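A quick write-up on the structure given underneath.
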Amino acid sequence: MAQESLRLSASTVAAMPQESLRLVSHPIAAHDGRLPRQYTREGQGAKKDMSPPLEWYGVPEGTRSLALVVQDIDADPVVPWTHWVVANIPPDTKGLPEGFSGKEGAAGRENGGLKEGVNDWKQPGWRGPVPPSRGHRIQFKLYALDDEMHLGNKVTKDKLMEAIEGHVLGEAELTAVF
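Okay, here's the thing in structure tokens:
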């Protein structure tokens, strides 16, 4: 009887669903879902294009790379407006630290070819929001992919989105208001 229980217990554990992919930024959570000023381009306290810290959990089994796209989904006249694109993040990476953007050279070599793409200002890396009005939603979207993406030298959101089609194992989203 005890052996049968043990067998049932082991198969139950094997059948448990895997934790879903989650994306977290502690400064955003600490500010009730608002993007803190230091990660923007507006007003006192703003740091010039300092990317916010991000962490993720529950990367699906079989993930070979991660990709991140950050957009203002309320921008006018261009909806959405891309603030940051990062491709080929190694799957064992647990997040990107504050101020990570712009350090791609060393980080790319250390992180297996990670590549920052061009934002809608036509510049590589993070560019903080400075919308003409308040209440814009800044969407951080993380993709778990079954392969590394071969995007050439100039990574753009459009190239990334086309390349990941059919390769997405999981997605996580975090939306902050600015």
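For reference, each letter of the sequence shown is one residue, going 12 to 189 in this note's numbering.
The C-beta atom is built at its ideal place from N, Cα and C for all residues, glycine as well.
In this text the structure is predicted, and so the values were computed from the model without any measurement.
For residue i: DSSP bridge partner residues
i	result
LEU107	LEU65
GLY181	ALA155
ARG33	TYR68
PRO135	VAL129
THR186	GLN150
VAL80	VAL96 and LYS152
Opening and closing residue of the alpha helix (DSSP H) in which residue i lies
i	result
LEU171	168 to 175
ALA86	Unbroken run through ALA86: none, as it is neither H nor E.
Pick from the options that is closest to residue i, judged by C-alpha positions
i	options	result
PRO142	ASN99, VAL89 and LYS165	VAL89
TYR50	GLY110, ASP43 and LEU77	GLY110
GLN134	SER112, PHE151, VAL179 and GLU182	SER112
THR74	VAL179, GLY146 and ALA183	VAL179
LEU153	SER76, HIS147, ASP131 and VAL129	SER76
GLU30	GLU182, ALA187, PHE189 and THR186	GLU182
GLY139	LEU32, VAL81 and VAL35	VAL81
LYS126	ALA155, ARG52 and ALA78	ALA78
GLU66	ILE39, ALA174, GLY54 and LEU162	ILE39
N-terminal and C-terminal residue of the beta strand (DSSP E) that residue i is part of
i	result
ASN99	92 to 100
Beta-carbon proximity of residue i to residue j, cut-off 7 Å
i	j	result
TRP92	ASP83	yes
ASP85	HIS147	yes
TRP137	ASP60	yes
LEU156	ALA98	no
Point to revise | contact_flag[the segment 89 to 108, the segment 68 to 79] where n(CB pairs < 8 Å) is 3 or more | key: Taking 8 Å as the limit for Cβ pairs, the verdict is that the segment 68 to 79 does touch the segment 89 to 108.
Point to revise | Sufficient close CB pairs (3 or more, under 8 Å) joining the segment 26 to 46 to the segment 160 to 178 | key: At 8 Å Cβ cutoff, the stretches do not touch.
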